[in-house]
Amino acid sequence: MKRTILILFFIFTGIGKRYEKEYPNNVWEGINQFCFNFYFELKDKEENILFSPFSITSAFLIVYEGARGNTKEEIEKVFFFQKDEKLRRDKFNKILREINKSSKKYEFCVANALWVQKNFKILKEYLNISQKFYFSFIKNLDFIKEPEKSVRVINSWISKKTKRKIKELISKDIITPLTRVIITSVIFFKGKWLKEFDKKNTKEEDFIISENKKVKVNMMRMEKEIFNYYEDKKIQVLEMPYDGEEISMFIFLPKNFEIDSIDEYINYEKFKEIRESMKKEEIDIYIPKFKMETKCSLNTYLQNMGIKDAFSDTEADFSGITGKRELYISHALHKAFIEVNEEGTEATAATGIVMELKAVIKRKIFRADHPFIFLIYDKKTENIIFFGRIINPERL
7 MKRTILILFF IFTGIGKRYE KEYPNNVWEG INQFCFNFYF ELKDKEENIL FSPFSITSAF
67 LIVYEGARGN TKEEIEKVFF FQKDEKLRRD KFNKILREIN KSSKKYEFCV ANALWVQKNF
127 KILKEYLNIS QKFYFSFIKN LDFIKEPEKS VRVINSWISK KTKRKIKELI SKDIITPLTR
187 VIITSVIFFK GKWLKEFDKK NTKEEDFIIS ENKKVKVNMM RMEKEIFNYY EDKKIQVLEM
247 PYDGEEISMF IFLPKNFEID SIDEYINYEK FKEIRESMKK EEIDIYIPKF KMETKCSLNT
307 YLQNMGIKDA FSDTEADFSG ITGKRELYIS HALHKAFIEV NEEGTEATAA TGIVMELKAV
367 IKRKIFRADH PFIFLIYDKK TENIIFFGRI INPERL
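Residue numbering for the sequence shown follows the numbering used here, beginning at 7 and increasing consecutively.
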């Protein structure tokens, strides 16, 4: 039996422990737990890594609302979604409202959309939930008779929401005569560092990829500044807040140059523990300028994590969308962009911790001249919005 197709697009413009706890008390705990689990699905298959766990979760929450039976259960387990509908919807709605509040310090927004084939019937209840709780923009297009126009409309919306950082995500060959629904989730962040780097101090240096491989990067420098800092025998962790001190970048730097040696630190519980243990230190900082853009299909990764029926044209049950078992996911695509320079970061994520100065006894050195992991964390909503790994940085 042929089924019509549901396409998901996730757009962003920027040995770990698996979690036994299936249903966290808070929506953000589930997003953060999924973040680390998804990283370990990618880590051995990709070099440089960049994704937004928040945006992937946002899109799949909209999909989840229409899933039924085993399809729903599989999505629920992988994303740690709460069973309580009112709690889940209200909490995520509150997070979206908080993120989309205007700020004079930075730009930060999330936008969701449902693009539906003209005259294709969607349940009114499903549309109401998508609009009320997930602020989804809904528009009818004609994928069958006007695929090229449909592509232009969607890409134009994406370009506008990402400040033209992502201009063409969807290609005409993705759309077929069976395409009925496309879901897009866009997250955009642009912020300046609370303490900016002086461009005059940026110098060309080596970035050590491995024992036998080096590349040249433009290394930003800052000396004798106070930052939140954590250190033990294996790792250094630095928190760099953006202007407004509600959003921060955390950088995880292995001491032995081997990125896999810090796998034990890359889980949600350890991240919380490190944040609570950080102290204000006077530090000399060396961080490369870099720019990264990634695009990949999520299908295989999510199937490996346990979401199988949703991608099957025989097993998928999205009857909560149309009233019938006629939809399945053909493509789930992920695109991310980030640029980090002396002024700040432009990407798809956020973070932040308030800092107060205090007396310092000994100055630390944080030299990120070898592979590292970073994430951007939003203190207001307690969400990891953006996660990345730099193995071989593109020179900026």
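Idealized CB from N, CA, C, for every residue including glycine.
From a predicted model like this one, the values you see are computed outputs, not experimental measurements.
I need the straight-line Cα distance from residue i to residue j, nearest angstrom please.
i      : j      : result
Ala73  : Asn389 : 25 Å
Leu244 : Gly394 : 15 Å
Ile359 : Val116 : With a pLDDT of 15 at Ile359, under the threshold of 50, the modelled position of that residue is not reliable, and no figure is offered here.
Arg373 : Ile172 : 31 Å
Glu131 : Thr77  : 19 Å
Thr351 : Lys124 : 39 Å
Lys231 : Trp199 : For the record, residue 231 in the displayed sequence is Glu; it is not Lys. One C-alpha to the other measures close to 13 Å.
Tyr307 : Val69  : 17 Å
Thr208 : Asp323 : 54 Å
Ile144 : Asn118 : 9 Å
Met311 : Pro260 : 27 Å
Ile396 : Glu53  : 8 Å
Arg122 : Ser336 : Reading the sequence as shown, one finds Val at residue 122 and not Arg. C-alpha separation (whole angstroms): 15 Å.
Ile424 : Asp179 : Lying outside 7 to 402, the shown extent of the chain, residue 424 is not represented and no answer is given.
Ser318 : Ile289 : 52 Å
Ser58  : Phe126 : 31 Å
Asp204 : Asn262 : 29 Å
Ala380 : Met255 : Note that residue 380 corresponds to Phe in the displayed sequence, not to Ala. Approximately 7 Å, taken between the alpha carbons.
Asn38  : Glu251 : 20 Å
Ile280 : Lys330 : 47 Å
Glu229 : Lys155 : 53 Å
Glu403 : Phe40  : Because the chain here runs from 7 to 402, residue 403 falls outside it and cannot be looked at.
Ser283 : Thr320 : 50 Å
Gly75  : Lys220 : 51 Å
Gln88  : Ile181 : 33 Å
Phe481 : Ser64  : Nothing can be reported for residue 481, as the shown portion of the chain is limited to 7 through 402.
Quick check on the burial criterion: 16 or more other C-beta atoms within 10 angstroms. Buried or exposed for residue i?
i      : result
Asp315 : buried
Pro247 : buried
Leu333 : buried
Ser109 : exposed
Arg103 : exposed
Asn218 : exposed
Ile371 : exposed
Asn234 : buried
Ile382 : buried
Asp384 : buried
Lys27  : Only weak support exists for where Lys27 lies, its pLDDT of 44 falling under 50; the coordinates are left without a value.
Leu56  : buried
Asp212 : exposed
Lys5   : A question about residue 5 goes unanswered here, because the residues of the chain that appear run from 7 up to 402.
Pro183 : exposed
Ser142 : buried
Asn106 : exposed
Leu93  : exposed
Lys341 : buried
Asn43  : buried
Write down the C-beta distance between residue i and residue j rounded to the nearest angstrom, noting that I regard them as a contact closer than 8 Å.
i      : j      : result
Ile327 : Ile128 : 6 Å
Asn224 : Pro294 : 7 Å
Tyr112 : Gly36  : Tyr112 to Gly36, Cβ: 25 Å. No contact.
Lys285 : Ile268 : At roughly 19 Å, the Cβ-Cβ gap does not stay under 8 Å, so Lys285 and Ile268 are not in contact.
Ile257 : Pro377 : No, Ile257 and Pro377 are not in contact; Cβ-Cβ is about 11 Å, not under 8 Å.
Thr387 : Ile101 : 5 Å
Tyr274 : Asp375 : Not really, about 28 Å apart at Cβ, beyond 8 Å.
Phe60  : Ile272 : That pair is no contact at about 17 Å.
Arg95  : Phe139 : 4 Å
Glu71  : Ile135 : 5 Å
Glu349 : Glu202 : 6 Å
Counting only beta-carbon atoms, is residue i nearer than 9 Å to chain D?
i     : result
Leu48 : Any reference to chain D falls outside this structure, which holds one protein chain only.
Inset, instruction - Entirely within the stretch 160-220 and at least 3 residues each: give me those beta strand (DSSP E) ranges in chain order. - result: 185-198, 209-216
Legend entry - Complete runs of the beta strand (DSSP E) confined to the stretch 229-293 [at least 3 residues]: 241-247, 253-260
Inset, instruction - Could you say if the stretch 155-172 and the stretch 189-209 meet the contact criterion of at least three C-beta pairs nearer than 8 Å? - result: yes
Legend entry - Contiguous beta strand (DSSP E) assignments of at least 3 residues, all confined to the stretch 291-327: 296-303
Inset, instruction - Determine contact between the stretch 333-348 and the stretch 297-312, defined as no fewer than three beta-carbon pairs at a distance below 8 Å. - result: yes
Inset, instruction - Output the residue ranges of the alpha helix (DSSP H) runs that lie fully inside the stretch 76-160 and measure 4 residues or longer, sorted by chain position. - result: 91-105, 130-140
Legend entry - Ordered list of beta strand (DSSP E) runs contained in the stretch 38-80, each at least 3 residues: 55-57
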